[in-house]
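So the structure is just underneath, and the comments pick up after that.
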Amino acid sequence: MSCPSFAEHLVAFSSIVDAAAIAGGSPYGCGSVRFRFSLCYTGGIDLQEVIAYVQERVEQGVIDDPSNLKNVPVILFSGKNDFLVLLEVMRETAAQLSAFVPDKNLYRVFNTSAGHVWSLDHGECGCPSCSLGGANKCCDVNNCHYDLSGDVLRKAYGNLRPRVRATGQLHWVDQHHYIPKPANSSVAARGGPTGHASLLFEDFAHPQLQPSPLQSPSPLPSPSPLPSPSPLPSPAVRGTTLLRYGIVYVSTGCKGREDACRVHVNYHGCMSEDWEERERWVHSLDLNEYAEANDLIIVYPQAAGDAHIGRGCWNWASYIDDPFFDTRRGIQLGTVHALVQDLPNALLRSRLSPPGPDELDAISIELA
Numbered sequence: 001m002s003c004p005s006f007a008e009h010l011v012a013f014s015s016i017v018d019a020a021a022i023a024g025g026s027p028y029g030c031g032s033v034r035f036r037f038s039l040c041y042t043g044g045i046d047l048q049e050v051i052a053y054v055q056e057r058v059e060q061g062v063i064d065d066p067s068n069l070k071n072v073p074v075i076l077f078s079g080k081n082d083f084l085v086l087l088e089v090m091r092e093t094a095a096q097l098s099a100f101v102p103d104k105n106l107y108r109v110f111n112t113s114a115g116h117v118w119s120l121d122h123g124e125c126g127c128p129s130c131s132l133g134g135a136n137k138c139c140d141v142n143n144c145h146y147d148l149s150g151d152v153l154r155k156a157y158g159n160l161r162p163r164v165r166a167t168g169q170l171h172w173v174d175q176h177h178y179i180p181k182p183a184n185s186s187v188a189a190r191g192g193p194t195g196h197a198s199l200l201f202e203d204f205a206h207p208q209l210q211p212s213p214l215q216s217p218s219p220l221p222s223p224s225p226l227p228s229p230s231p232l233p234s235p236a237v238r239g240t241t242l243l244r245y246g247i248v249y250v251s252t253g254c255k256g257r258e259d260a261c262r263v264h265v266n267y268h269g270c271m272s273e274d275w276e277e278r279e280r281w282v283h284s285l286d287l288n289e290y291a292e293a294n295d296l297i298i299v300y301p302q303a304a305g306d307a308h309i310g311r312g313c314w315n316w317a318s319y320i321d322d323p324f325f326d327t328r329r330g331i332q333l334g335t336v337h338a339l340v341q342d343l344p345n346a347l348l349r350s351r352l353s354p355p356g357p358d359e360l361d362a363i364s365i366e367l368a
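Numbered per full-length UniProt numbering, the sequence shown spans residues 1 to 368.
Now the structure itself:
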């Protein structure tokens, strides 16, 4: 389970990210530049080319100024027994990010024997329990005696209260309501794997999508009258699919005051559309437990993927389907961003139970 949507969101929205953790991903642009896709899994990536790709996107005006990254702590996690996305790929991810992130803010955690998983500091799934991915719990998390979730939260916020039992509420929010209308474009995009990632947002009011200096965390906008859902664009190309519902954990301390709480976004790796597997991921990372202790909201957006991009995967390379997939104008990234901006309203419209099997509909967006 690997997904560079993490690196994509980090780079595209660098002005509003407090901190990030990437597990088993690949460099920004790995699926878009002129070398074999397999290198995004095995290593041997042309670092100058992926660094230049960042600048290319800057010149197109579709990502934030990467100079913002100098203030963003980034944790890179990869295990010695990850045989899906090899450790060398994450070393190359570190090398790319080091062009923008100072060494004091770039944390390489490459010393465990983990497989292609998220790391915990407790639990029954030993390290390594799963090297090539799979559908059981131990292919989600390994107890590698390293608390990845707590580490990224501490990097973002400093003092962090210890995790407690998660007694807050899960909400299923309608992602389709926030899908941006695709724009025609004359910008030619060129053509990694997907991994796990967590991103912490500090400035939720970002309507113009322009780079801005880092600020103290801003509250979410207060709920406003609910707009009618916009008509969705017409059907179906590959690579931009989202499940209808994403999952949001609202800690007890944030109930009724969602606009005052900080938000953490976690991108899953590739997985089936089965809600049981997706809920297991949501409950396995300790993020909800930290949220409960520290008055946080955790957003778990949900991708559907397809045979082209990978089952249950985020769009990491489908430049044909969405030329801006790795930018602020990307369909998937734009949906997640819009959802976070309007989170109080999204929660007002949410449901408190998972959808049934007939409601697992994914939507694909056709570019005009």
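Glycine included, every Cβ here is placed at the ideal spot set by N, Cα and C.
Among the options, which has the Cα closest to the Cα of residue i?
i	options	result
Gly253	Gly246, Ile247 and Cys261	Cys261
Asn159	Asn294, His176 and Val263	Asn294
Ser353	Gly269, Arg280 and Ile247	Ile247
Ser26	Val89, Leu242 and Tyr178	Val89
Arg165	Phe37, Glu273 and His283	His283
Lys255	Ile22, Phe13 and Glu292	Glu292
Gly123	Asp147, Ala12 and Glu279	Asp147
Ala304	Thr241, Thr327, Trp281 and Asn288	Thr241
When DSSP labels each residue in this structure, what does residue i get in the three-state scheme?
i	result
Arg165	coil
Thr42	helix
Ala23	strand
Phe6	helix
Asn143	strand
Leu333	helix
Asp342	coil
Asn288	helix
Less than 8 Å between the beta carbons of residue i and residue j, yes or no?
i	j	result
Tyr290	Leu153	yes
Phe77	Val109	yes
Gly168	Asp286	no
Ser119	Cys138	no
Val74	Leu106	yes
residue 411	Val336	With the chain covering only 1 through 368, there is no way to say anything about residue 411.
Ile45	Glu92	yes
Val54	Arg329	no
Tyr41	Val85	yes
Gln175	Arg280	no
Counting only the same chain and skipping the five closest in sequence on each side, list residues whose C-beta sits under 7 Å from that of residue i.
i	result
Gly115	Gly79, Asn81, Asp82, Pro128, Ser129, Cys130, Ser131 and Asn142
Glu258	Leu220, Val250, Ile297, Leu343, Pro344 and Leu347
Pro180	Ile331, Gly334, Thr335 and Ala338
Gln96	Pro27, Tyr28, Leu47, Val50 and Ile51
Gly43	Leu86, Glu88, Val89 and Glu92
Phe13	Asp64, Arg328 and His337
Within the same chain, show all residues whose beta-carbon is closer than 6 Å to that of residue i, passing over the 5 residues directly before and after it, in chain order.
i	result
Arg351	Trp172
Phe6	Ile22, Gly25, Ala197 and Tyr267
Using C-beta distances below 8 Å, list every residue in its chain close to residue i, excluding the 5 sequence neighbours before and after it, in chain order.
i	result
Ser113	Gly79, Lys80, Asn81, Cys127, Pro128 and Cys144
Contact between the segment 335 to 355 and the segment 297 to 304: three or more CB pairs below 8 Å? yes
Inter-stretch contact (C-beta, 8 Å, three-pair minimum) for the segment 54 to 70 and the segment 93 to 105: yes
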